[in-house]
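Participant: Handing you a structure now.
Chains as they are written, first to last, in my numbering: chain A, 1372 to 2143; chain B, 3 to 116.
Here's what the structure looks like:
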């Protein structure tokens, strides 16, 4: 499994090259990768259906309990089959859909990389590994949604998707860390075995809320649902892959995966069921009034994701089984419909359902695929969608807390979704032909093959639902954390569920017939959309940008002095409390006695500094600076550092000479700063001085533990044959340092020399060829 | 004495910082020099003050007295003094050239000109 995921990443990196070499033949070849994975995964179906599971692990950061451990059980196999199956179809389709696009190879590569990340996500059995793949899907979705990067609104949509899912990803990481703390392991299997301890832990609720935040943002649950319709800016194959079949299901998958660990508590059932039900209804309500094919599909996907989340929230065996069947059914029919929408857009040049009609003549194969998918979505027997809807109603009826609330929500949403399904898969192909920008022709086989395959899959899975029962049961069992046997049947006899299904169909068809009126009603309500959660996102983003600009303007004014003031003030504010408290504690081993000469020298140094500060002329300032310098040199001498004193004397003499040499050329001292600035600077400088005094005292409050001083004192003569320890250190023990010092001096000398020689060309000199 | 020297170092830092924040570039160079003295004294003092003489191995002895001044900060400060001089010389010449070219040593006026 590890090899499969990693090698898919490798092939993804090669895809652009392959496309350049092979052109249109690259996509079918690349589609063989997921197709091959699909076949090799499918071989495990009998084993997994019988309750078996395969594991595979590669150590990564063993000290932290992080490993790339993979687990193939019913749940991950179901997801992996969806990912690879739809992935193969999408790659084939994308090659044809992007015909003539200069970056087709890149798109194929991104899609394949996304497929690998998604596969890693669903197979991971370690929270950190899962998180890494989770983030990889978020990042790749940004690249994929923003593929048409030349358009500003496409970039904005991609960024929005990234920020919403990426923000949720941060919450997820925090939740995983808490979960690991509560359960004592990062392995999902071990956590599930330790579920009672996790649920009893005080960290349970924060961990749950953070994990839910991550799952809800990824799976576009209310109130984060707005990013999904906006992400329809992506090319059709991307929407198919990410926004119907795989990425948006990652949140649902995660909830199902962690259900054995986190589920079953009142908090879980309450939050997850409520959010799911709210999303199911919101998505359906928003979908029915849309005119754009892809937005119709996007909102109906939001609704379906809501159903899935609601079912996982209910958490009964029946509900989880219904969720698994719906997950499969939805991937099949919604994948097909997204591909159909892409074909319609590609062939007619429009996605406006109001202007589409009668396409059956021009696009017969596509029409058949569309009808099969739409009927499955509408829940018509004998397609898989019918089976899943029956199970959904059944689970809602038998939900323990609030069937009275869930059943009307589920039935109402599905009535609306029937109308949506027919609007996408029936309306454009029947009736009178509409006026379209392009005259439609049947799409190439590479494009219609995918939707047809998926549509037929809906039919076959529905007809032979008995045959897939053991497999779906094993997926439900993995989500349940206990064995579960379910038998799928097309015909349950005349009962309450069937009555609801019939009512759903009748009302749905009626809504479809009245679609013109619904759309005009929705059009008149459209301004209300401005008050959705998308507004909050935009306001938040704008606020963040303003905050960043404000902070930058405040902290980095462009004036060096102003920046320096901020740095100094921040240093003082941060260091002062610590240093001053330590300094006040006293300096136990400090030299406490004061000798008169030393005191005079210290005063001399300070006096020189003050005089430099107050000097009215350049010469006076240089003299005052010299006083400080000689004072410092004498202090060195007094405290046992004759070498330092000598060097300081020499340097001081040179400095004074240097100052005097250039002094004449320097402007006179002038007072330029405003009085207020001077007061502020004086206060700031005083604070800096106080902090540095505090630093010296704080240093002396700590005992000195130097092993170097004894080493140098003892080894100077023995190892380096020198009696002056300081000299020996400089030229021997730290000789390379001194070499560096000499180099610095050399560079400085070069700089000085070139500055003296440099004649900066005056502004007009540029015309003379820049000669100086 | 340590306290007294700590206060002197604080005073040097305060004066240097104040000069560093002036608009007049020549004062900035003075401030740089003062900050150099302050830092050298800071490192020197951190190695503890000693009145027991320099770290020199006396004739006939094999090692320097254990009470003699700590040689390591001295070696560091010695390097710092020399490099500080290089910096100061460079800053001074740069200042001279800049004032010649810009006609002023007001850093704000220089900014506006460019």
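Yeah, the Cβ is synthetic: ideal placement off N, Cα and C, and Gly gets one too. Note that the structure is a prediction, hence the values are computed from the model and not measured.
(1) Which residues, in order along the region 69 to 90 of chain B, keep a beta-carbon less than 8 angstroms from a beta-carbon of chain A?
(2) Using beta carbons (cut-off 8 angstroms, strictly below), is residue 55/B in contact with chain A?
(3) In angstroms, rounded to a whole number, what distance separates the CA positions of residue 1726/A and residue 1801/A?
(4) Check residue 1586/A in the structure and name its three-state DSSP category.
(5) Do we get a CB-CB distance below 8 angstroms when we pair residue 1967/A with the residues of chain B?
(6) Is it the case that the Cβ atoms of residue 1845/A and residue 1419/A are separated by a distance below 8 angstroms?
(7) Determine, for residue 23/B, whether the minimum Cβ-Cβ distance to residues of chain C falls below 8 angstroms.
(8) Measuring CA to CA, which of 2019/A, 1820/A, 2046/A and 2027/A is closest to residue 1462/A?
(9) At which residues does the beta strand (DSSP E) containing residue 1428/A begin and terminate?
(10) Under 8 angstroms, do residue 1759/A and residue 1883/A count as touching if we go by C-beta distance?
(11) State yes or no: is the beta carbon of residue 45/B nearer than 8 angstroms to at least one beta carbon in chain A?
(12) Pull up the CB-CB distance for residue 38/B and residue 86/B, whole angstroms please, since I reckon it's below 8 angstroms.
(13) Hey, would you say residue 1683/A sits closer than 8 angstroms to residue 1676/A, going by beta carbons?
(14) Assuming residue 2035/A is part of the alpha helix (DSSP H), what are its boundary residues?
(15) Which first and last residues belong to the alpha helix (DSSP H) in which residue 1989/A is found?
(16) Could you round the C-beta distance between residue 1578/A and residue 1550/A to whole angstroms and report it? I think they count as a contact, below 8 angstroms.
(17) Can you pull the DSSP bridge partners for residue 1663/A?
(18) For residue 1920/A, does the count of other Cβ atoms within 10 angstroms reach 16, so buried, or fall short, so exposed?
(19) Contact check, residue 1507/A vs residue 1488/A under 8 angstroms by CB: the rounded distance?
(20) Closer than 7 angstroms by beta-carbon distance: list the chain B residues that pair up with residue 2044/A, in chain order.
(21) What does residue 2094/A reach in chain B if we use C-beta pairs closer than 7 angstroms?
(22) Can you pull out the residues from the region 2058 to 2074 of chain A whose beta carbon lies closer than 9 angstroms to at least one beta carbon of chain B?
(23) When you compare only the Cα positions, how much space is there between residue 2106/A and residue 108/B?
(24) Taking a cut of 8 angstroms between CB atoms, which residues from the region 1978 to 1992 of chain A lie near chain B?
(25) Step through the CB atoms of chain A and report whether any lies within less than 8 angstroms of the CB of residue 112/B.
(26) When we look at the beta-carbon of residue 1601/A and count the other beta-carbons within 10 Å, is it buried (16 or more) or exposed?
(27) Kindly list the residues whose CB is nearer than 8 angstroms to the CB of residue 1806/A, restricted to its own chain and excluding five residues on each side of it in sequence; keep chain order.
(28) What residues in the region 1923 to 1949 of chain A have a beta carbon less than 9 angstroms from any beta carbon of chain B?
(29) Measuring straight from C-alpha to C-alpha, what distance separates residue 1634/A and residue 1384/A?
(30) Using the three-state DSSP reduction, which class does residue 1496/A fall into: helix, strand or coil?
(31) For residue 1520/A, which residues of its own chain have a beta-carbon under 7 angstroms away from its beta-carbon, when the five flanking residues on both sides are left out?
(32) Do the region 1663 to 1678 of chain A and the region 1735 to 1746 of chain A meet, that is, are 3 or more Cβ pairs less than 8 angstroms apart?
(33) Taking C-beta pairs closer than 9 angstroms, name the residues in chain A that residue 34/B reaches, listed in chain order.
(34) With C-beta atoms as the reference, is residue 1512/A less than 8 angstroms away from residue 1446/A?
(35) Answer with buried or exposed for residue 63/B, where buried requires no fewer than 16 other C-beta atoms within 10 angstroms of its C-beta.
(36) List, in order along the chain, the chain A residues whose C-beta lies closer than 9 angstroms to that of residue 62/B?
Facilitator: Let's see:
(1) 70, 71, 72, 73, 74, 76, 77, 79, 80, 81, 83, 84, 85, 86, 87, 88, 89 and 90
(2) yes
(3) 12 angstroms
(4) helix
(5) no
(6) yes
(7) You won't find chain C in this structure, because its protein chains are A and B.
(8) 1820/A
(9) 1425 to 1432
(10) no
(11) no
(12) 4 angstroms
(13) no
(14) Unbroken run through residue 2035/A: none, as it is neither H nor E.
(15) 1989 to 2009
(16) 5 angstroms
(17) 1723/A
(18) exposed
(19) 4 angstroms
(20) 24 and 25
(21) 58 and 59
(22) 2058, 2059, 2060, 2061, 2062, 2063, 2064, 2065, 2066, 2067, 2068, 2070 and 2071
(23) 42 angstroms
(24) 1980, 1981, 1983, 1984, 1989 and 1992
(25) no
(26) buried
(27) 1726
(28) 1929, 1930, 1931, 1932, 1935, 1936 and 1939
(29) 39 angstroms
(30) coil
(31) 1526
(32) no
(33) Neighbours of residue 34/B on chain A: none; closest Cβ ~11 angstroms, over 9 angstroms.
(34) no
(35) exposed
(36) Going along chain A, no residue has its Cβ under 9 angstroms from residue 62/B, so there is no contact; the nearest lies around 11 angstroms.
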